[in-house]
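Novice: Add 387 to a position in the sequence shown, counting from 1, and you land on the number used in my numbering.
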Amino acid sequence: MVAQMKENYNFNFQLPRSVVLPGVRITVKYTDLSDTGEDGIWVYSHAEGTATILIDASLPLPVQRYVLLHELGHAMLELVDIGLEHAADQVQTKSMAILAGRRKIPKEIRS
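(1) Based on the DSSP secondary-structure assignment, which residues constitute the bridge partners of L408?
(2) Hey, quick one: how far does the beta strand (DSSP E) through G427 stretch, first residue to last?
(3) Taking 9 Å as the threshold (C-beta atoms), are L448 and G427 in contact?
(4) Can you check DSSP and say which residues form a bridge with L441?
(5) Do V415 and T437 have their CB atoms nearer than 9 Å?
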């Protein structure tokens, strides 16, 4: 019965090698982080289009799960912040255009 439950509910809980969030695929690497003093590290480069979570492979599996979720929290917050920053730039740009009266200027004058 326990074996059937494990099969039905995937109690193996294997940790993923990648996670997909809207607009970004995050590579998850399990490695030795003992020299950093960290259990996990979130690394994102908008310029390079890369996103990586590093997790200390020497940690017990339940702790690795926790660290993965913790680092995903950082990832989501940063990605939402980038999205909000972009949206704020769009709103500011539109507001400045309205302030300048550009919304009503005929096409002939704009060119």
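By construction, the Cβ of each residue, glycine as well, lies at the ideal position given by its N, Cα and C atoms.
On a predicted model such as this, the values are computed, not experimentally measured, just so you know.
Specialist: Per the coordinate set shown:
(1) Partner(s): V411.
(2) Note, G427: beta strand (DSSP E), 427-432.
(3) Result no, Cβ atoms of G427 and L448 do not sit closer than 9 Å.
(4) According to DSSP, L441 bridges with K416, I428.
(5) Not a contact, by the Cβ cut-off of 9 Å.
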